[in-house]
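Residue numbers (this note's numbering): 36 to 286.
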């Protein structure tokens, strides 16, 4: 049973993905507050999403104790009412939708550049290596690529992972951790340090969005407002901020 009370635009993206078991919910779904009328926790085993009213902080905190999770994501007010900064590191996140008036087509690629869906365990390990680098840069958290591989290998197709190569070298990755028939959420766009400031991030993102729109009518994402290059990139592509969220990592 997936909660069906009034939600914000971003919360509906999470709820729809859970209801259809899309993205990270492809392999696991935990929902301990099924009888609550105004708040709920949905977890894919890695991230716990807090949905609903911020005055349910105590119930949400108790529900978090029941489910496996490594991080928490929710609207800023609900995370602050549920979690303590003594226990968690708070990372601000802006939620944005792509302006529906934007017309996207897959961009042409140079002969030395290739973008392909992850199609094997070997591909997935390369993807996880970049994902581990992403975690370390964003929060200082050291995660082993092999641990990420173990978590993802049973259901990785659900997050639609893609890698970018320059020749034989993998230089970028992106995925969609929440997707449904109504919307697809892009997460963890990452370009290796040595390949930055060359337009690869924009190229990879435009290619990926054009393919996501084939199965979902709208695209959204979270980004760190303190990451100036990311803010500039998403603004240039037509994303519009809608809500303030927080990613909470256990200290």
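All residues carry an ideal CB built from backbone N, CA and C; glycine is no exception.
Check, Outcome
"Distance between beta carbons of residue 119 and residue 284, contact taken as under 8 Å", "That belief does not hold up - the Cβ atoms of residue 284 and residue 119 are roughly 13 Å apart, past 8 Å."
"Integer Cβ distance of residue 74 from residue 86, believed to fall under 8 Å", "7 Å"
"Contact set for residue 112: own chain, Cβ-Cβ below 7 Å, skip 5 residues either direction", "89"
"Beta-carbon proximity check, residue 272 vs residue 231, cutoff 8 Å", "no"
"Buried versus exposed call for residue 165 [16 or more other C-beta atoms within 10 Å across all chains shown]", "buried"
"Run of the alpha helix (DSSP H) containing residue 186, from where it starts to where it stops", "180-187"
"Beta-carbon proximity check, residue 167 vs residue 178, cutoff 8 Å", "yes"
"Buried/exposed call for residue 1, threshold 16 Cβ in 10 Å", "Lying before the first or after the last residue shown, residue 1 is absent from the chain, which here runs from 36 to 286."
"Helix, strand or coil at residue 204 [DSSP, three-state]", "strand"
"Ranges of the beta strand (DSSP E) found wholly within the region 217-260, counting only runs of at least 3", "219-226, 254-258"
"Alpha helix (DSSP H) segment containing residue 269, residue limits", "263-271"
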